[in-house]
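Here the structure is laid out as structure tokens; the discussion comes afterwards.
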Amino acid sequence: MRILFLGDIVGHIGLRAVSDVLPSIRQKERLDFVIANGENASGGFGLTEEDYQYLIDSGVDCVTLGNHWDSKKQIREYCERAPKLVRPANILYFDGGSGSRKFLVGEKEVTVTNILGTAFMKETVASPIVTMGEILPSSSAIHIVDYHAESTSEKAIFASYFDGRVSAVIGTHTHVQTADETVYPGGTAFISDAGLCGAHQSVIGFDKAGAIDKMVFGRDAKLKIKEDGDKVVNGVILDIADNGKTTSIKRVYLINGKEKNNG
Ligand SMILES: [Fe+2]
Ligand SMILES: [Fe+2]
4 MRILFLGDIV GHIGLRAVSD VLPSIRQKER LDFVIANGEN ASGGFGLTEE DYQYLIDSGV
64 DCVTLGNHWD SKKQIREYCE RAPKLVRPAN ILYFDGGSGS RKFLVGEKEV TVTNILGTAF
124 MKETVASPIV TMGEILPSSS AIHIVDYHAE STSEKAIFAS YFDGRVSAVI GTHTHVQTAD
184 ETVYPGGTAF ISDAGLCGAH QSVIGFDKAG AIDKMVFGRD AKLKIKEDGD KVVNGVILDI
244 ADNGKTTSIK RVYLINGKEK NNG
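Residue numbers (our numbering): 4 to 266.
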């Protein structure tokens, strides 16, 4: 089983970047399944039903979310008719949609789970470890976890603890791809962060001027998405055996559809 996991998609430029490259990468890499984090796809915060559908029509098989899962409130209603959407499993006070779903890929099952981390995050959530422990007994052998969190060590601790019990723990949320991809001894692949699908040379997908105004000059500037310039697509490709053990993890870093070399 070959799975592509794409990092946080930010704005229209991110949606376009993904739809531009997906047909060719699917063919070239002989992908069986594509997962993408869509928590920032709609105006930088949240995911509208229209943009969810755009991703599915572009060839994404499963869309995961994060702390911005309900920044577009309509999701609380449309998640019930979005079978390829996986919202954080450990949020409180909302039972709609699903935080862990099984997908049939050929004759094999793939479970996708979305978990929100806790360190340096504002949201109050149920324990990621306890939530995962509740999900595991009914999950399939091939199981991909999108661990959406700020702290690299928290993500590594979670992945190490569940090594051998899930196929991969892929970090999201920071919008910066890390170079620490690895497969642990038990067969669980890990990377601290898959990265960004959006504008290259931006501030994690947002326009530099507004970010500078906010941080350097303390102005009450509104963050705007950088919607022009070069498009970046970040992610990882996983090779997973039928028993759920991952045999390889490879980073994907494309700029305008071409592999990044320098800068
Ligand atoms: Fe994000
Ligand atoms: Fe996030």
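The beta carbon of each residue, even a glycine, is placed where N, CA and C say it ideally should be.
Asked, Found
"Proximity below 8 Å, CB of Pro-131 to CB of Phe-161", "yes"
"Heavy atom of ligand 2 within 7 Å of Asn-93 beta-carbon", "no"
"Pick from Asp-64, Val-169 and Gly-201 that is closest to Asn-246, judged by C-alpha positions", "Val-169"
"Closer than 7 Å: Glu-42 CB and nearest ligand 1 heavy atom", "yes"
"Runs of beta strand (DSSP E) lying entirely within the region 54-130, each at least 3 residues, in chain order", "65-67, 103-108 and 111-119"
"Cβ-based burial, Asn-117 [other Cβ within 10 Å; buried from 16]", "buried"
"Inter-residue Cα distance where the pair is Phe-48 and Arg-33", "32 Å"
"His-146 Cβ short of 7 Å to ligand 1 heavy atom set", "no"
"Whole-angstrom C-beta distance between Val-13 and Gly-201, which should lie under 8 Å", "4 Å"
"Ligand 2 heavy atom lying under 7 Å from the CB of Gly-69", "yes"
"Minimum C-alpha distance to Ile-207 - residue among Met-218, Ile-228, Gly-221 and Asp-35", "Ile-228"
"Beta bridge counterpart(s) of Glu-262 as assigned by DSSP", "Leu-257"
"Alpha helix (DSSP H) runs contained entirely in the region 166-240, provided each spans 4 or more residues", "211-218"
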